[in-house]
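Peer 1: In the order they appear, the protein sequences are chains X and E.
Going by this note's numbering, the letters in the first sequence line up with residues 24 to 691, in that order.
Going by this note's numbering, the letters in the second sequence line up with residues 225 to 595, in that order.
Using N, Cα and C, we set each Cβ at its ideal position, and we do this for glycine too.
Before anything else, here's the structure in question.
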Amino acid sequence: MSLDIAPPPDRIGVVEPPTRGPLARRPAWLSQHIGTAAIGAVAGYALGHYLGNTIASGYVHVQTAAENDLAVVLGLALGVVGWLLGIGVFNYPIAKMFGRKPAEVPEAANWTRYVRMSLDHKTVGLQYLIAVFTFLFTGGLLAMAIRTELLSPTSHIYGPGTYISIVGEHGTIMMMMASSLVVGPLGNWLVPLMIGSRRMAFPRIEAASFWIFSSGYFVILTALPLGGFPTGWTGYAPLQTQADVGMDAYLVGFFVIGTGMILAGFNLLVTVIHYRAPGLTWGRVPVFVWSIIATSALLALATPTLAVACYFGILDRTATTQLYVNIHGGNSYLWEDLFWFFGHPEVYIMALPGFGIVAEILPVFTRKPLFGYRVATAGMIGVALLSFFVWQHHLFQSGIDPAMRPLFMLTTELISIPTGFIYLVGMGTLWKAKIRFEVPMLFALALYFNFLLGGVSGVFLSDVPVNVTVHGGFFVLSHFHYTIMGGLVFGFFAGVYYWTPKLTGKMLNKKLGKLHFWAMFIFFNLTFFPMFLIGLFDQPRRVFEYANRLQTLNDFASVCAFLLGASFLIFVVNFVWSVFINPVATAPANPWGSKGLEWQTPTPVPPYNFERIPVVLSDPYTYGEVGAPPVADLTGAAFATVGAPPRPVDGGSGAHTYPPAGGPGQDQ
Amino acid sequence: MSQVVGGDGAVGSVPVDEQGGRRPNHVWRIVGIWVVLSVVGDLVFWFVAGPHVPPGTMTTTASGAQFDFNVLFVVALPVILGVWTYLVYAIVMWRASRWVGEGDPVRGPTARSNLKVQVAWIVTTTITVLAMFVFGTVELIVPAGAGGAEGPNPVWTPASKSILPIQVIAQQWQFTYRYPTFGGMETNNLIVPNDTTIAFHVTSLDVIHSFWAYQLGVKADANPSVDDVAYTKTRQTGTVTIRCSELCGIWHGAMFDYGKVVSKAEFMKWGIATEKALAANTKNLPPFAWTYVPDANGASGVYADTSGQAPYSKTQKYGATKAAQKIVKSPTTVTTTATATSSTATATSATTSTATSAIRKLTRQASGTTL
Ligand code: HEM
Ligand SMILES: [Cu+2]
Ligand SMILES: [Cu+2]
Chain X
24 MSLDIAPPPD RIGVVEPPTR GPLARRPAWL SQHIGTAAIG AVAGYALGHY
74 LGNTIASGYV HVQTAAENDL AVVLGLALGV VGWLLGIGVF NYPIAKMFGR
124 KPAEVPEAAN WTRYVRMSLD HKTVGLQYLI AVFTFLFTGG LLAMAIRTEL
174 LSPTSHIYGP GTYISIVGEH GTIMMMMASS LVVGPLGNWL VPLMIGSRRM
224 AFPRIEAASF WIFSSGYFVI LTALPLGGFP TGWTGYAPLQ TQADVGMDAY
274 LVGFFVIGTG MILAGFNLLV TVIHYRAPGL TWGRVPVFVW SIIATSALLA
324 LATPTLAVAC YFGILDRTAT TQLYVNIHGG NSYLWEDLFW FFGHPEVYIM
374 ALPGFGIVAE ILPVFTRKPL FGYRVATAGM IGVALLSFFV WQHHLFQSGI
424 DPAMRPLFML TTELISIPTG FIYLVGMGTL WKAKIRFEVP MLFALALYFN
474 FLLGGVSGVF LSDVPVNVTV HGGFFVLSHF HYTIMGGLVF GFFAGVYYWT
524 PKLTGKMLNK KLGKLHFWAM FIFFNLTFFP MFLIGLFDQP RRVFEYANRL
574 QTLNDFASVC AFLLGASFLI FVVNFVWSVF INPVATAPAN PWGSKGLEWQ
624 TPTPVPPYNF ERIPVVLSDP YTYGEVGAPP VADLTGAAFA TVGAPPRPVD
674 GGSGAHTYPP AGGPGQDQ
Chain E
225 MSQVVGGDGA VGSVPVDEQG GRRPNHVWRI VGIWVVLSVV GDLVFWFVAG
275 PHVPPGTMTT TASGAQFDFN VLFVVALPVI LGVWTYLVYA IVMWRASRWV
325 GEGDPVRGPT ARSNLKVQVA WIVTTTITVL AMFVFGTVEL IVPAGAGGAE
375 GPNPVWTPAS KSILPIQVIA QQWQFTYRYP TFGGMETNNL IVPNDTTIAF
425 HVTSLDVIHS FWAYQLGVKA DANPSVDDVA YTKTRQTGTV TIRCSELCGI
475 WHGAMFDYGK VVSKAEFMKW GIATEKALAA NTKNLPPFAW TYVPDANGAS
525 GVYADTSGQA PYSKTQKYGA TKAAQKIVKS PTTVTTTATA TSSTATATSA
575 TTSTATSAIR KLTRQASGTT L
C-alpha cells in the first residue's frame with residue numbers, strides 16, 4: 024500500500040509560515056487580483072490576435088471571407104493564458120522552474136480574497152458559487168429571450184442567425200455551468216470538511232481549475248460579439264466547419280472549460296482517496312462524497328474526449344485538416360461520436376451530484392438513517408460506469424451501423440436500473456419517517472418528482488421506434504430539462520438552502536425560501552411539461568418558426584417560463600437580504616441538527632477546518648439509533664482508545680485504515 | 225382517496241413506538257391506491273388518448289411508433305404513479321408533526337436496509353427493463369428498421385418485392401426529391417403512392433440535416449456523402465409535414481415543406497407527366513447516384529467564398545453542366561431552385577474508382593485554392 028503514504032494526520036494542511044520572498048513583499052498596488060487578470064486577458068488577446076493575423080494573412084480564405092479563425096483562436100487562447108498569468112496561477116510553477124523558493128502570498132483577511140487566487144478550499148468554493156450563479160443567470164436571461172421569440176410562430180423578434188446563436192449560447196453556458204454547478208462550489212467547499220481533511224490534495228490545481236472555469240465564461244460570451252455560432256451546444260460538424268468566427272469561441276470555450284473540469288475532477292478524486300480522516304472507511308463515506316467521487320471520475324475520464332474533439336475542430340477551422348469533412352478522409356460522424364462519448368457521461372456529471380445532495384439531506388429531515396447506503400453507492404457507481412457505453416443513443420437516426428441500435432438501446436435502458444436505486448434509497452428513507460418540511464427538504468423531494476419524468480421520458484427516447492418520432496424535437500428538450508433543471512438545479516438549491524448556514528454563517532429566510540420553492544416547482548413543471556406535447560406534435564428543436572396550431576401551447580410555456588425566471592429573483596432577494604443585509608440571520612453552528620461531520624465544526628469554519636484531525640467513529644446517518652456514537656471524535660482522544668499510533672509508519676497503515684472498521688454505525 | 229383521509233386520524237393516534245402495538249398497513253394502502261390509479265390511468269390512456277398519439281397511422285411505421293409509444297406509456301404510467309403515490313402518501317402520513325412535534329424522535333424505525341425489499345426492487349426493475357428491451361428490439365427489427373435510419377447498408381429490409389426508391393437530397397435549407405425510377409427526375413415536393421413500400425435514400429450536399437416525414441413515421445439524418453436508408457409502407461392518403469430535425473444553420477427553422485400520399489393511380493399519372501415535363505431539366509442534372517460530392521464551390525457555395533477568383537474551371541470534367549457555372553457566379557443565393565443546386569452537386573459513381581479518385585484529386589486542388 025505505498026499509495027497510503029500520507030502526512031502525519033496532525034500536520035495535514037499545515038502550511039509553513041509565509042516566506043517573505045520577493046513576490047510577497049511587493050507593494051499592494053502590484054498584488055495580483057481579478058483586475059490584473061483582466062489586464063492579462065486583454066493583453067493576451069491582443070497578442071494572440073496579432074500573431075494570428077501575421078501567420079495567416081497570406082491565405083485566400085482569410086482575405087476573401089474577412090475573417091481569420093487563427094487570429095481569433097490564438098487571441099482567445101492567449102487571452103486565457105494572460106488571465107491565468109494575471110491572477111497568479113503560474114507564479115508557483117514558474118518560480119520552481121527557475122529554482123527560486125516560491126513565495127507564499129498569505130490569504131487576504133477581508134472580502135478581497137474572493138477576487139484573488141486563493142488556496143483555501145472554502146474561499147474557492149464561494150468563488151465557484153458566485154461564478155455558477157453568474158453562468159446560471161446569464162443562461163437564464165438567454166432562455167427568456169428564447170421563449171420571447173417563441174411567443175409567435177411566424178413573426179420574429181430576432182433574425183434567424185441571432186436566434187440560433189441565442190439558443191446555442193444558452194445551451195452552452197448552461198451545460199458549462201451545470202458540469203460544475205455542484206462539484207465546483209459545494210464539492211470544493213464541503214468535501215474536505217466531510218472527509219475530515221484540512222485541505223484539498225492540490226490547492227493550486229483547485230485554484231487553477233476555478234480560474235480556468237471563470238475564464239471560460241468570457242470566452243463563450245465573446246461568441247456573441249464575434250457573430251454567434253449556428254450549431255447549438257452540440258456543435259455538429261461540418262456545420263461547425265463552415266461557421267463564422269463565433270464558432271471559434273465555442274470550440275476554445277469548451278476546450279478551456281474542459282481543462283478546468285479535468286483538473287477539478289482529478290483533484291477531488293485524489294483528495295477523497297488520500298485525505299480521508301482516520302476511521303472514515305469506505306463504508307462510512309457520506310453519500311454526497313460518493314456522488315462526488317463518481318462525478319469526478321467522469322470529469323477526469325470523459326472530458327479529455329471533449330478537449331480532443333474541440334482541438335480537432337479548431338484544427339479543421341484554422342489549419343484545414345478536414346478531420347470532420349467527409350470528402351477528404353475525415354468524417355462528420357467523428358465529431359458526433361467524440362462529442363457524445365463525452366456528452367453522455369456529461370449528463371451524469373449533471374445528475375449524480377443532485378442525487379448525492381438529496382440522499383445526504385433526506386436522513387436529516389426524516390430523522391432516520393439513510394436506507395440502503397450500499398445500494399446508493401452501487402447505484403452511483405453503476406450509473407457512472409454504464410454512462411460510458413450508451414453514447415450512440417444520440418445517433419440512432421444518424422445512419423450508424425443499424426445493428427448497433429439494439430445494443431445501445433439495451434445499455435441505455437440498463438442504466439435505469441442503477442438510477443432506480445436512487446429512488447429505492449429515497450423511498451426507503453421516507454418510510455415511516457418524521458419528515459420536516461424545511462426548504463432544503465422541499466427541493467429534495469421535488470427532485471424525486473421531476474427526475475422521474477425526466478428519467479421515464481428517457482426510456483421512451485431509448486426505444487428506437489419511438490425515437491424516430493421524438494428525436495430532435497421538443498420532447499428531447501423537455502426530457503433533458505427535466506433531468507438537468509428538474510434534477511440537478513433543484514438538487515443544487517436543496518444544497519444551497521441546506522449548507523448556506525455553514526458556508527456564510529447566515530440562515531436564509533424560510534418564508535421567502537418556501538415561496539421560491541413553490542414558484543420554481545410549479546412553473547418549472549408548467550413550462551416544461553407542455554414541451555413534451557409540443558415535441559410530440561412535431562416541433563423540432565432550435566427552430567424560430569413553428570406550426571400555427573402549436574401557438575397556444577408555446578405561449579403557455581413561454582408565460583410560465585417568464586414566471587419561472589422570476590422565481591429565481593425571489594432567491595436572489597432572499598440570498599442578498601439574509602446574507603448581506605439582515606443582521607439577525609446569524610446561523611447556529613448546526614441549525615438542522617445534522618450528524619454530518621461538516622456540521623460539527625464551528626461557524627465560521629476556521630481556516631484549517633479542524634483543530635485536530637477528527638477520528639471518524641460512524642457514518643453520519645445514525646438518526647434515531649439508540650446508543651450510536653457521535654459521527655467523529657474531534658478532540659483526537661479516540662486515537663488513544665483505538666490504540667493505534669497517531670501517525671502512520673512508513674506508509675504501513677494508511678491514515679484511513681484505523682480504527683478498524685465495524686463500529687456500531689456500520690451498514691453491514 | 226377518502227379511504228386514506230379517513231385513515232388519517234387512526235394513524236395519528238398510533239403511538240410513537242413502531243416496534244409493537246397496532247400498525248396501520250401502509251403497504252396495502254399504498255398498493256391499493258396505486259393499483260386503482262394505474263388501472264384507471266392506463267385504461268383511459270389506451271382507449272381515449274392512445275388512438276390519437278402521434279405520429280398517427282398513415283404508414284406501417286407510424287402506427288408502429290404509435291403502438292410502441294402506447295405500450296411504453298402503459299408500462300411507464302404505473303411506475304410514475306407508483307412513485308408519486310408513495311411520495312404523496314409519505315408527505316401526508318409521515319410528517320414530523322404527527323409524531324413528537326419539534327424535538328427529535330426518541331425511537332422510531334431505523335432500518336438501514338431490507339434485503340427483501342432491495343432484491344424485489346432490483347429484480348422488478350431488471351425484468352421491466354429487459355422486457356422493454358426485447359419489445360423495442362422486436363418492434364425495430366420486424367418492421368424493417370421502424371422508419372428509422374438504417375445507414376447505407378440496412379440489415380433489416382422489407383419483404384416486399386416492389387419497393388419504390390425515393391432519394392431525399394438535403395441541403396441548406398431545403399429538401400429535394402429524386403425519383404430514380406422516373407428517369408431520375410427531381411422535384412421540390414414529396415409525392416408518394418399509397419399502399420406501397422418505400423425506401424427513402426437520404427443524403428446531404430453540405431451539412432448534416434435530418435429528414436423527418438412526421439406523419440410517415442420516418443426519420444433519417446442526411447449526412448454528406450452517405451446514403452442513409454429508411455423504409456416505410458404507406459397505408460392512408462393525406463398530407464405529410466416534412467421538417468428538418470437536425471440543426472443545419474441559421475435557416476434550419478425554415479426548412480420544411482409538405483408532401484402528399486396519393487393513390488397509386490394518381491401517383492403513376494403524376495409521375496409519368498412530371499417526368500416528361502421535367503425531362504429537359506433532368507438532362508442538366510448530374511446522373512443519378514446514391515451520394516453526391518459537392519464541387520469545389522460547395523453545394524451551395526458556402527464552404528468557401530470564391531467570389532473574386534476565377535471560377536473553378538474543371539467542373540465540366542466531373543459532371544457538372546452549364547447550370548453549375550451559372551450558380552458559381554452567384555454563390556450566395558440561398559434558395560436556389562432544385563435544378564440549379566443539384567447541378568452544382570457532382571454525381572459520384574462511388575463504385576467506379578477512377579471517377580472517385582479523379583474527384584479526390586480535383587477537390588483537393590480546389591481546397592488548396594480556398595485555404
Ligand atoms: C429558466 C429555465 C429555462 C428555460 C425557460 C429554458 C428554455 C429553453 C428553451 C426554450 C430551449 C430550446 C429552444 C429550442 O431548442 O428551440 C432550451 C435549450 C437548452 N437548454 Fe434551457 N431553459 C432553462 C434552463 C436550462 C438549464 C438550467 C439548463 C442546463 C443546465 C438548460 C440547458 C439547455 C440546453 C443544453 C439546451 C439546448 C440548446 C441547444 O439546442 O443547443 N436550460 N432551453
Ligand atoms: Cu446520452
Ligand atoms: Cu436542415
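Look at the alpha carbon of N418 of chain E and the alpha carbon of V206 of chain X, and state the distance between them as a whole number of angstroms.
Peer 2: Counting from one through the second sequence, the residue named residue 418 of chain E turns up at place 194. Counting from one through the first sequence, the residue named residue 206 of chain X turns up at place 183. Taking the straight line joining both Cα atoms gives about 56 Å.
Peer 1: Nearest by alpha-carbon distance to G255 of chain X: which of X:T343, X:V293, X:M270 and X:T77 is it?
Peer 2: Position 232 of the first sequence, counted from the start, is the residue given in the question as residue 255 of chain X. Of the listed residues, the one whose Cα sits closest to G255 of chain X is X:M270.
Peer 1: At least one CB of chain X closer than 9 Å to the CB of A373 of chain E: is that the case?
Peer 2: Your numbering for residue 373 of chain E matches position 149 in the second sequence. Yes, A373 of chain E counts as interfacial toward chain X.
Peer 1: Is it true that the CB of V485 of chain E sits closer than 9 Å to the CB of T458 of chain E?
Peer 2: Locating residue 458 of chain E in the second sequence gives position 234, where the first residue counts as 1. Locating residue 485 of chain E in the second sequence gives position 261, where the first residue counts as 1. Going by C-beta atoms, T458 of chain E is nearer than 9 Å to V485 of chain E.
Peer 1: So N114 of chain X and P125 of chain X are supposed to be a Cβ contact under 8 Å. How far apart are they, rounded?
Peer 2: Looking up residue 114 of chain X in the first sequence gives position 91. Looking up residue 125 of chain X in the first sequence gives position 102. N114 of chain X to P125 of chain X, Cβ: 7 Å. Contact.
Peer 1: Following the continuous beta strand (DSSP E) through Y310 of chain E, name the residue where it begins and the one where it ends.
Peer 2: If you number the second sequence from 1, residue 310 of chain E lands on position 86. From DSSP, Y310 of chain E is part of no beta strand (DSSP E) but of the alpha helix (DSSP H) over T284 to M317.
Peer 1: Using the C-alpha atoms, what's the distance from V599 of chain X back to G98 of chain X?
Peer 2: To locate residue 98 of chain X, count along the first sequence from 1; it is residue 75. To locate residue 599 of chain X, count along the first sequence from 1; it is residue 576. One alpha carbon belongs to G98 of chain X, the other to V599 of chain X, and they sit about 37 Å apart.
Peer 1: Does any CB atom of chain X fall closer than 9 Å to the CB of V353 of chain E?
Peer 2: As a first step, residue 353 of chain E must be located in the second sequence, where it is residue number 129. True, the Cβ-Cβ gap to chain X drops below 9 Å.
Peer 1: Should T177 of chain X go down as buried or exposed, given a rule of 16 or more other Cβ atoms within 10 Å for buried?
Peer 2: Numbered from its first residue, the first sequence carries residue 177 of chain X at position 154. The residue is exposed, with fewer than 16 neighbouring Cβ atoms inside 10 Å.
Peer 1: Is it buried or exposed for S80 of chain X, if we count other Cβ within 10 angstroms and need 16 for buried?
Peer 2: Your numbering for residue 80 of chain X matches position 57 in the first sequence. It is exposed - the Cβ of S80 of chain X has fewer than 16 other Cβ atoms within 10 Å.
Peer 1: Below 9 Å between beta carbons is the criterion; list the residues of the segment 252-277 of chain X that meet it against any residue of chain B, in chain order.
Peer 2: Among the protein chains in the structure shown, which are X and E, there is no chain B.
Peer 1: Within the same chain, show all residues whose beta-carbon is closer than 6 Å to that of G111 of chain X, passing over the 5 residues directly before and after it, in chain order.
Peer 2: Translated into the one-based positions of the first sequence, residue 111 of chain X becomes position 88. Excluding sequence neighbours, G111 of chain X sits near Q55 and M140.
Peer 1: For A374 of chain X, which residues in the same chain have their Cβ closer than 7 Å to its Cβ, ignoring the five residues on either side in sequence?
Peer 2: As a first step, residue 374 of chain X is located in the first sequence; it is residue number 351 there, counting from the start. Same-chain partners within the cutoff: T506, G510 and L511.
Peer 1: For ligand 2, enumerate in chain order all residues having a CB closer than 7 Å to any of its heavy atoms.
Peer 2: One residue list follows from the rule of a beta carbon closer than 7 Å to any heavy atom of ligand 2, given in chain order as X:W363, X:G366, X:H367, X:V370, X:V413, X:W414, X:H416 and X:H417.
Peer 1: Between the alpha carbons of Y259 of chain X and C472 of chain E, how many angstroms are there, rounded?
Peer 2: If you number the first sequence from 1, residue 259 of chain X lands on position 236. If you number the second sequence from 1, residue 472 of chain E lands on position 248. Near 9 Å, if we compare the C-alpha coordinates of C472 of chain E and Y259 of chain X.
Peer 1: Which chain X residues are close to N447 of chain E, counting only those with a beta carbon under 8 Å from its beta carbon?
Peer 2: One-based indexing of the second sequence puts residue 447 of chain E at position 223. The contacting residues are N349, S355, Y356, S421 and G422.
Peer 1: Return no unless some Cβ of chain E is closer than 9 Å to the Cβ of F540 of chain X.
Peer 2: Position 517 of the first sequence holds residue 540 of chain X. Chain E contact via Cβ: absent.
Peer 1: Using a Cβ cut-off of 9 Å (strictly closer), state whether R253 of chain E contacts chain X.
Peer 2: Against the second sequence, residue 253 of chain E aligns to sequence position 29. Chain X, which has no Cβ nearer than 9 Å to the Cβ of R253 of chain E, makes this no.
Peer 1: Does the structure place the segment 321-329 of chain X close enough to the segment 380-387 of chain X that three or more beta carbon pairs sit under 8 Å?
Peer 2: These segments do not touch.
Peer 1: Using alpha carbons as the reference points, say which of X:L286, X:E90, X:L484 and X:F412 lies closest to A266 of chain X.
Peer 2: Translated into the one-based positions of the first sequence, residue 266 of chain X becomes position 243. Nearest to A266 of chain X by alpha-carbon distance, out of X:L286, X:E90, X:L484 and X:F412, is X:E90.
Peer 1: Which whole-angstrom value is the C-beta distance of A289 of chain E and P279 of chain E, which I expect to be below 8 Å?
Peer 2: One-based indexing of the second sequence puts residue 289 of chain E at position 65. One-based indexing of the second sequence puts residue 279 of chain E at position 55. A289 of chain E to P279 of chain E, Cβ: 6 Å. Contact.
Peer 1: Take the Cβ of Y644 of chain X as the centre, count every other Cβ of all protein chains shown within 10 Å, and call the residue buried at 16 or more, exposed below.
Peer 2: The sequence position of residue 644 of chain X within the first sequence is 621, counting from 1. Buried, by the Cβ-count rule.
Peer 1: Along the chain, where does the beta strand (DSSP E) containing Q395 of chain E start, and where does it finish?
Peer 2: On the second sequence, position 171 is the one that residue 395 of chain E refers to. I387 to Q395 is the span of the beta strand (DSSP E), which, as asked, contains Q395 of chain E.
Peer 1: If you draw a straight line from the C-alpha of G306 of chain X to the C-alpha of V638 of chain X, how long is it?
Peer 2: Position 283 of the first sequence holds residue 306 of chain X. Position 615 of the first sequence holds residue 638 of chain X. Distance between the alpha carbons of G306 of chain X and V638 of chain X: 15 Å.
Peer 1: What does the Cβ neighbour count give for M409 of chain E, buried or exposed, with the cut at 16 atoms within 10 Å?
Peer 2: Numbered from its first residue, the second sequence carries residue 409 of chain E at position 185. By the neighbour-count rule (16 or more Cβ atoms within 10 Å), M409 of chain E is buried.
Peer 1: Tell me whether G473 of chain E, by its Cβ, gets closer than 8 Å to a heavy atom of ligand 3.
Peer 2: Counting from one through the second sequence, the residue named residue 473 of chain E turns up at place 249. Under cutoff, so the answer is yes.
Peer 1: Taking the beta carbon of M492 of chain E as the centre, do at least 16 other beta carbons fall within 10 Å, making it buried, or is it exposed?
Peer 2: Sequence index remark: in the second sequence, residue 492 of chain E carries index 268 (1-based). So M492 of chain E counts as exposed.
Peer 1: To the nearest angstrom, how far is it from the Cα of A501 of chain E to the Cα of V517 of chain E?
Peer 2: Taking the first residue of the second sequence as 1, we reach residue 501 of chain E at position 277. Taking the first residue of the second sequence as 1, we reach residue 517 of chain E at position 293. Going from the Cα of A501 of chain E to the Cα of V517 of chain E covers about 27 Å.
Peer 1: Please find out if some non-hydrogen atom of ligand 3 comes closer than 8 Å to the beta-carbon of H476 of chain E.
Peer 2: Stepping through the second sequence from its first residue, residue 476 of chain E is reached at position 252. Checking the Cβ of H476 of chain E against ligand 3 gives yes.
Peer 1: Residue range of the alpha helix (DSSP H) that G443 of chain X falls in?
Peer 2: Within the first sequence, residue 443 of chain X is the residue found at index 420, counting from 1. Looking at the DSSP string, the run of the alpha helix (DSSP H) that includes G443 of chain X is S439 to L453.
Peer 1: Note down, in chain order, all residues in the segment 424-445 of chain X with a beta-carbon under 7 Å from any beta-carbon belonging to chain E.
Peer 2: The residues in question are D424, P425, A426, R428, P429, M432, L433, E436, L437, S439, I440 and G443.
Peer 1: Just to confirm, is the Cβ distance from P441 of chain X to L204 of chain X under 9 Å?
Peer 2: For this step, residue 441 of chain X is matched to residue 418 along the first sequence. For this step, residue 204 of chain X is matched to residue 181 along the first sequence. For P441 of chain X and L204 of chain X, no; Cβs fall outside 9 Å.
Peer 1: If you run the structure through DSSP and keep just helix, strand and coil, what is Y347 of chain X?
Peer 2: Locating residue 347 of chain X in the first sequence gives position 324, counting from the first residue. Three-state DSSP puts Y347 of chain X in coil, outside helix and strand.
Peer 1: Below 9 Å on C-beta distance, what does V347 of chain E contact in chain X?
Peer 2: Locating residue 347 of chain E in the second sequence gives position 123, counting from the first residue. Listed along the chain, the chain X residues whose CB falls inside 9 Å of the CB of V347 of chain E amount to none; the nearest CB is some 10 Å away.
Peer 1: Helix, strand or coil for K618 of chain X, going by three-state DSSP, please let me know.
Peer 2: Along the first sequence, one-based indexing puts residue 618 of chain X at 595. The DSSP-derived three-state label of K618 of chain X is coil.
Peer 1: Alpha carbon to alpha carbon, how far is C468 of chain E from T400 of chain E? Give it in angstroms, no decimals.
Peer 2: Reading the second sequence from its first residue, position 176 is the one you call residue 400 of chain E. Reading the second sequence from its first residue, position 244 is the one you call residue 468 of chain E. Between T400 of chain E and C468 of chain E, the C-alpha separation is close to 12 Å.
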